[in-house]
Structures are given as structure tokens and as C-alpha cells.
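Following: one structure in C-alpha cells, then a few remarks.
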Amino acid sequence: MSFNYSMDAYVKRLYGEAAQRRSGRPEEGTEAWREALLGGLRQALGRLPDEDAASPLEPVLLETKDYGDFVMERVAYSTIPSVTVPVLVLKPKDGEGPWPAVIACHGHGNGQLDAVGMDPEEALLDQPGIHNRFAVELVKRGLLVVIPEIMGFGLRRITEEMRKKPHLSSCATLSSHLLMQGSTLAGIRVYEARRAIDYLQSRNDVDSQRVGIIGFSGGGLVAAYTAALDDRISAAVLTGWTNTFEGSILSVTHCIDNYLPGILNEAEQQELVGLIAPRPLFVEAGEGDRLFPVEHVRKAAAYLEGVYERMGAGGQFGLDVFPGGHEISGRISFDWLADRLFR
Numbered sequence: 005m006s007f008n009y010s011m012d013a014y015v016k017r018l019y020g021e022a023a024q025r026r027s028g029r030p031e032e033g034t035e036a037w038r039e040a041l042l043g044g045l046r047q048a049l050g051r052l053p054d055e056d057a058a059s060p061l062e063p064v065l066l067e068t069k070d071y072g073d074f075v076m077e078r079v080a081y082s083t084i085p086s087v088t089v090p091v092l093v094l095k096p097k098d099g100e101g102p103w104p105a106v107i108a109c110h111g112h113g114n115g116q117l118d119a120v121g122m123d124p125e126e127a128l129l130d131q132p133g134i135h136n137r138f139a140v141e142l143v144k145r146g147l148l149v150v151i152p153e154i155m156g157f158g159l160r161r162i163t164e165e166m167r168k169k170p171h172l173s174s175c176a177t178l179s180s181h182l183l184m185q186g187s188t189l190a191g192i193r194v195y196e197a198r199r200a201i202d203y204l205q206s207r208n209d210v211d212s213q214r215v216g217i218i219g220f221s222g223g224g225l226v227a228a229y230t231a232a233l234d235d236r237i238s239a240a241v242l243t244g245w246t247n248t249f250e251g252s253i254l255s256v257t258h259c260i261d262n263y264l265p266g267i268l269n270e271a272e273q274q275e276l277v278g279l280i281a282p283r284p285l286f287v288e289a290g291e292g293d294r295l296f297p298v299e300h301v302r303k304a305a306a307y308l309e310g311v312y313e314r315m316g317a318g319g320q321f322g323l324d325v326f327p328g329g330h331e332i333s334g335r336i337s338f339d340w341l342a343d344r345l346f347r
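Take the position in the sequence shown, starting the count at 1, then add 4; the result is the number in my numbering.
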């Protein structure tokens with residue numbers, strides 16, 4: 005009798021079994037396909053606050069600063085009872101609106117300040133970092149940009165963890181509590197992103213029919229699933245995230261906030277992203293990104309191109325693989341998003 009203590013074959017079999025369970029679904033691009041995948045995504049995201057009894061946002065303007073190229077408002081609003089979200093709003097200097105708007109979903113790091121390239125005192129940094137000051141680049145293109153602090157980062161961390169580990173997230177602690185309640189951190193983050201749409205629709209200086217979303221890394225997950233679930237999103241940019249589960253979070257060590265219970269029984273990652281179709285979608289990836297390897301980006305993009313073609317929207321999907329790593333480029337995607345929202 006031979007013994008094999010390695011778990012490699014076991015996890016490979018698990019993935020294959022999940023793929024088998026996904027077989028026999030409706031044809032891709034059809035309404036039946038869309039409804040089946042949406043149902044699976046909602047279930048995997050877990051228990052969410054009751055949308056019909058949502059907490060009033062009650063937004064409060066805390067401060068306004070002029071940064072030369074744009075005006076920045078600091079706002080706070082409530083998404084869930086006892087939960088307050090700090091929000092940065094970047095407004096163009098030209099005109100009074102209403103402007104097309106974008107929800108900017110930052111990745112892991114220092115929270116919403118990374119999207120603007122600021123230090124904790126809200127001064128612009130000399131080096132923008134991997135987020136490439138993407139929110140500023142978008143407001144310069146005439147878009148109003150709202151940057152909610154994503155739960156688990158920046159000011160929205162567990163107090164003791166902020167004190168002991170000032171540069172780390174609270175993703176693990178929050179995920180642990182939520183999973184024990186039948187919820188997920190990804191689900192709550194998506195819920196809050198949808199409340200950001202509610203907030204934008206409440207502003208007189210926003211064209212509520214032209215709301216886009218952009219997300220980087222973990223913020224890409226939030227942006228993708230928000231756009232999939234909410235048709236109020238007119239166009240989406242996903243950077244440093246679009247891939248396959250098999251090639252990324254099942255092959256490379258990632259934060260627990262990426263994982264959804266049972267999602268592989270319903271879909272691979274690229275199929276969930278396909279729910280955004282036929283609305284405009286742009287995928288951006290660094291060819292040297294080790295967290296989301298480029299060969300699986302190309303595999304996902306080929307699938308998405310097929311979905312868009314079958315839905316008669318081939319011109320609405322775009323891809324840019326740029327020289328770089330796990331970072332935002334924006335060399336094409338920034339202008340692409342502005343163009344789609346100003347049409």
C-alpha cells in the first residue's frame with residue numbers, strides 16, 4: 005500500500021468537481037444565464053442589510069479644500085446603523101455640474117487617501133504609489149469622483165489593530181466576525197458601494213444617469229460585483245484584479261476578503277465579471293503582476309470578449325496589458341472611462 009500525504013491532488017479534484025457542478029447552465033449571454041449567475045453571486049456574498057429598510061444616509065459635509073486642479077470635500081454618511089463612512093469627493097474646478105460621476109474603489113493600503121496620493125495630513129505626496137493618484141486623474145478629466153473609505157482600511161479598522169499594526173488592514177478580523185454571522189466582508193463592501201450610488205443620486209451636481217465605477221486590486225472585486233448587481237452603473241474599469249479564481253486566489257496567497265463561500269459552484273471569476281455586459285467594461289493589467297498573473301488575465305479577457313460579441317456589444321469591451329506590476333496604469337483606461345461617461 006502506498007501513501008500520498010500531499011493535498012495537491014485533493015484540491016485539484018475539488019476544483020474539477022465544482023466545474024462539473026457548473027455544467028449544464030443556460031447559454032452564456034442569455035437572460036436565463038444572467039439570472040442564474042446573479043442568484044449564485046447574491047447567495048455567495050451572504051446575508052446583507054435589508055435594502056428596503058436601509059439606514060438613511062444623512063450625509064454631512066465636514067470640510068472643503070481647494071487643491072488647484074480640483075476641489076475636495078470631506079463628507080461622512082451612514083450606510084448601516086452605527087456605521088459611518090468617511091468619504092472624499094473630488095469636484096472639477098470648471099463649471100457647476102451636473103457632472104458624470106465615478107465611484108473610486110481603492111485597493112489594500114492606507115485607504116481612500118491612496119486614491120488621491122495624499123498623506124494623513126491630506127497633503128499631496130511626491131510619489132503617488134501603485135494607485136497612481138487615479139482619482140485625481142479622473143477629476144482632471146471633468147468627472148466628479150467619490151471615494152468611500154472601504155471597510156477594513158484607513159479609519160475604518162478595529163481600534164486595537166490600528167494601534168498595534170498601523171499599516172495593516174482589519175480584513176481578517178472583520179471577515180471572521182461576518183462569516184460567523186452568515187455574511188462576508190466582500191458582501192458588505194459591495195452593499196456600501198451601492199449606497200455610494202444612492203449618495204451620488206442625492207447630489208444636485210451629479211448626472212445620475214452617468215455613473216461609473218473603477219476599482220483596483222481588492223477594490224476591483226468591489227467594483228466588479230457592484231457593477232454586476234446594479235444597473236445604475238453605466239461603465240466600469242477593473243484594474244489589477246480581473247483573472248480566474250484558479251489562476252489567482254486559488255494559486256497565490258491572498259487576503260481572506262477575496263473568498264466567497266460556495267462561489268465556485270456557481271461561476272468562475274470571469275463569468276461573474278461577464279454579468280456587467282453589455283455595459284462598457286475596460287480591463288487593465290500589468291504584465292508583471294504576480295498577484296493576478298497575466299496569462300490568466302488574457303484567458304479571462306478572451307472569455308469576456310466572447311460574451312460581449314454574443315450580446316452584440318463587441319465594441320464595449322476593452323483590454324490594456326501594460327508594462328508594469330500590481331499597479332494602476334491609466335494610460336488608456338482613464339480617457340476610456342471619461343469618454344464613455346460623457347457620451
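Cβ coordinates follow ideal geometry from the N, Cα and C atoms, glycine included.
Residue i vs residue j beta-carbon contact at 8 Å
| i | j | result |
| --- | --- | --- |
| Ala289 | Val301 | yes |
| Val287 | Thr246 | yes |
| Val150 | Ile107 | yes |
| Val61 | Arg199 | A quick correction: the sequence has Leu, not Val, at residue 61. Cβ atoms of Leu61 and Arg199: closer than 8 Å. |
| Ala271 | Gly44 | yes |
| Pro265 | Ala317 | no |
| Phe74 | Val140 | yes |
| Ile332 | Ile134 | yes |
| Glu153 | Gly115 | yes |
| Leu65 | Val79 | yes |
| Ser179 | Asp261 | yes |
| Arg51 | Ser174 | no |
| Pro284 | Gly251 | no |
| Gly223 | Gly322 | no |
| Ala190 | Leu225 | yes |
| Arg25 | Leu279 | no |
| Met207 | Ser238 | The residue you asked about is not Met; residue 207 is Arg in the sequence shown. No, the pair does not count as a contact, with Cβ atoms beyond the cut-off. |
| Phe249 | Leu268 | yes |
| Lys95 | Glu77 | yes |
| Val311 | Gly33 | yes |
| Leu117 | Gly158 | yes |
| Trp103 | Asp211 | yes |
| Val241 | Leu341 | yes |
| Thr83 | Val91 | no |
| Gln273 | Ala304 | yes |
| Gly329 | Asn136 | no |
Span of the beta strand (DSSP E) around residue i
| i | result |
| --- | --- |
| Gly322 | Phe321 to Phe326 |
| Ile217 | Val210 to Phe220 |
| Glu67 | Val64 to Asp70 |
Residue i - partner residues in DSSP beta bridges
| i | result |
| --- | --- |
| Leu92 | Arg78 and Ile151 |
| Glu100 | According to DSSP, which records beta bridges pairwise, Glu100 is partnered with nothing at all. |
| Ser187 | Gly50 |
| Gly290 | Phe326 |
| Leu285 | Ala240 and Phe321 |
Segment limits, alpha helix (DSSP H) that includes residue i
| i | result |
| --- | --- |
| Lys16 | Asp12 to Arg26 |
| Asn310 | In the sequence as presented, Asn is not what sits at residue 310; that position holds Gly. Gly310 -> alpha helix (DSSP H) spans Val298 to Arg314. |
| Ser173 | Element bounds for Ser173: n/a, residue is neither H nor E. |
As assigned by DSSP and simplified to three states, the class of residue i
| i | result |
| --- | --- |
| Leu52 | coil |
| Leu61 | coil |
| Leu204 | helix |
| Thr83 | strand |
| Ile332 | coil |
| Ser337 | helix |
| Leu295 | coil |
| Ser238 | strand |
| Lys168 | helix |
| Gly224 | helix |
| Thr230 | helix |
| Gly43 | helix |
| Asp73 | coil |
| Arg351 | Absent from the structure is residue 351, since the part of the chain shown begins at 5 and ends at 347. |
| Glu3 | A query on residue 3 cannot be resolved here, the shown segment of the chain reaching from 5 to 347 and no further. |
| Tyr4 | Beyond the ends of the chain as shown, which are 5 and 347, falls residue 4; an answer cannot be given. |
| Ser6 | coil |
query = Taking only runs of the alpha helix (DSSP H) that begin and end inside the stretch 240-283, which ones reach a length of at least 4 residues, in chain order?
reply = The DSSP assignment places complete alpha helix (DSSP H) segments of no fewer than 4 residues inside the stretch 240-283 at 273-277, in order along the chain.
task = May I have a chain-ordered list of the beta strand (DSSP E) segments no shorter than 3 residues that lie completely inside the stretch 103-162?
result = Counting only runs of at least 3 residues, the stretch 103-162 fully encloses the following beta strand (DSSP E) elements, listed from N- to C-terminal order: 103-109 and 148-152.
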